[in-house]
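Residue numbers (our numbering): 79 to 620.
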């Protein structure tokens, strides 16, 4: 086991978060999730398996949540909550990782990455069997369940939604700064960000496409950067639509959108187009009525900008249209003919074959790769696992939000739901493993915490059930009558029901000289001051 310098930094951050207010744990996890190519602890004996900063900090994140409310840690996965299906998904993943590769060994071929191979970064077609990916992906899945539960505990604290929004806004700003440093250092011929890319990955930081540098930021390749940036763009632009810190979020969303356009990644372009369609179909006006007019202005500005750009190019720079169409054709249309495109198409075809060969049971989490998260989900966890994930996602992102929450909290929850949708879109385009990253489950916890739980229908009070106490005839009206009688009895205890005090008691008011607190005004709560019995506490009714 080798502890990297980055690991020492994360350990120091984790220890500090245990002794600081809880919001610092949220800030720390958000910052650690940015460094997706950094290694904190490496295990050479396991083929160079590395623990990423977010995974290491998750230990302290969970401990801080346990300090706040250890008993509440598992309430987020109770029956009837979206987290229940996430817990079922993790159970399926754990059982499948242990039994399926052994029970179905040799029945199908998979594209698996085994760290025991000579080159662990290359996926090779091999018979189904246990690989190191089963263990690592199962640990990631269980860790994401713990992250979801811990974040749900933090959300019970005051101002938690505001702190979460600040953490994601800080993360978006750091991601923009890292991309700017990546571009500037490439022009200067100095790889500044190599200090935070210590994991045993193949780095693609020096590649160009169409004469433009492919932006990778703190990640290993452009598609990973795009998959991380698009949910941040979705989160910040929806906060701007809802009027939540409009100036800051307008700048963050504009910069993130510009980086997606400049990234030269097919994942960014396909994912952004698909998400913009979801953005137009969204209903932010259910949270903030003014969001509808802002969305209309946004659509109008974008449409005018596109039309003016086309008119300018057709009138003054006809050659520019050929350059742009050639660039996007090379990025999107020619992608399928490239070596990477052919390889990823083979992964997807084999993933479909894995589902057929295993009769929908899957090959076990971490056993097979694909080029789409949806195919990874089906081929690894089978139909049952895919159904559990679908129920979890719909429960977190599609349930109505309770209007009892403050408008600012509902704005953050709505933006988190949009970020979940963006993350799933981009993962469906190019996701190769089950792990969706820590940010996705942070968004999921925030989105699910504001959902309205379905309430069971109240039984008819006039109908008695076997084994239950006898039901009072007349139902609720009779119960209200008994409450009135009870108030009259309290008035009699306070001084009789035929005097002024009794009349005040019958109206539910406190007796004269009473300040609404427990006890009796004549003494310290005891009859005569020293008796054994106590005067019944006066109900402080409105």
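Built from N, CA and C at the ideal position, the CB exists for glycine as well.
Check the Cα spacing between residue 487 and each of 143, 464 and 526: the tightest is with 526. Annotation for residue 156: 162 place their beta carbon closer than 8 Å to its own, counting only its chain and skipping 5 residues before and after. By alpha-carbon distance to residue 128, the top candidate from 213, 174 and 97 is 213. By the beta-carbon neighbour count (other beta carbons within 10 angstroms, threshold 16), residue 168 is buried. Secondary structure at residue 79: coil, using DSSP grouped into helix, strand and coil. Annotated three-state conformation of residue 334 is helix, per DSSP. Following the DSSP letters along the chain, one finds residue 204 inside the beta strand (DSSP E) bounded by residues 202-205. Spanning the alpha carbons of residue 310 and residue 298 requires a straight line of approximately 18 Å. With fewer than three CB-CB distances shorter than 8 Å, the region 253-266 does not count as touching the region 175-184. Residue 505 is not a Cβ neighbour of residue 474, given a cutoff of 8 Å. Following the DSSP letters along the chain, one finds residue 144 inside the alpha helix (DSSP H) bounded by residues 131-147. Under the DSSP assignment, residue 519 falls in the alpha helix (DSSP H) whose first and last residues are 516-527. Sequence-distant Cβ neighbours of residue 295 in its own chain, meaning closer than 7 Å and more than five residues away, are 253, 256, 257, 260 and 303.
Residue 275 carries a coil assignment under DSSP once its states are collapsed to helix, strand and coil.
Pairwise C-beta distances place the region 240-253 in contact with the region 322-332, as three or more of them are shorter than 8 Å.
Distance from the CA atom of residue 404 to the CA atom of residue 398, rounded to whole angstroms, is 10 Å. Using a Cβ-Cβ distance cut-off of 8 Å, the region 114-123 and the region 266-280 are in contact, since at least three pairs of beta carbons, one from each stretch, lie closer than that value. Three or more Cβ pairs closer than 8 Å define a contact, and the region 86-106 meets that threshold against the region 236-245. For residue 441, no alpha helix (DSSP H) encloses it, and the DSSP letter there is neither H nor E. Judged by DSSP in its simplified three-state form, residue 421 adopts helix. For the pair residue 490 and residue 323, the Cα-to-Cα distance works out to about 11 Å.
For residue 299, the three-state secondary structure derived from DSSP is coil.
Leaving aside the five residues that flank residue 108 on each side, the residues in its chain whose CB is nearer than 7 Å to its CB run, in chain order, 245, 246, 248 and 249.
When C-alpha distances from residue 447 are compared across 235, 159 and 187, the shortest belongs to 187. In the DSSP assignment, the residues bridged to residue 479 are 529. DSSP lists 81 and 129 as the beta-bridge partner residues of residue 119. For the region 335-404, the continuous alpha helix (DSSP H) assignments of 4+ residues that do not extend past its boundaries occur at 344-359 and 369-393, in sequence order. If you draw a straight line from the Cα of residue 184 to the Cα of residue 436, it is about 11 Å long. A buried status is given to residue 110, since no fewer than 16 other beta-carbon atoms sit within 10 Å of its beta-carbon.
When DSSP states are grouped into helix, strand and coil, residue 190 belongs to the strand group. With distances taken between CA atoms, residue 456 lies nearest to 511 out of 511, 500 and 498. With fewer than 16 other CB atoms across the displayed protein chains lying within 10 angstroms of its CB, residue 204 is exposed.
Nearest neighbour of residue 348 by Cα position, chosen from 500, 384, 463 and 367, turns out to be 500. Residue 145 is classed as exposed because its beta carbon has fewer than 16 other beta carbons within 10 Å across all chains shown. Ranked by how close their Cα comes to the Cα of residue 443, the residues 458, 219, 432 and 325 have 458 in first place. Between residue 136 and residue 225, the beta carbon gap of about 6 Å places them in contact (Cβ cut-off 8 Å).
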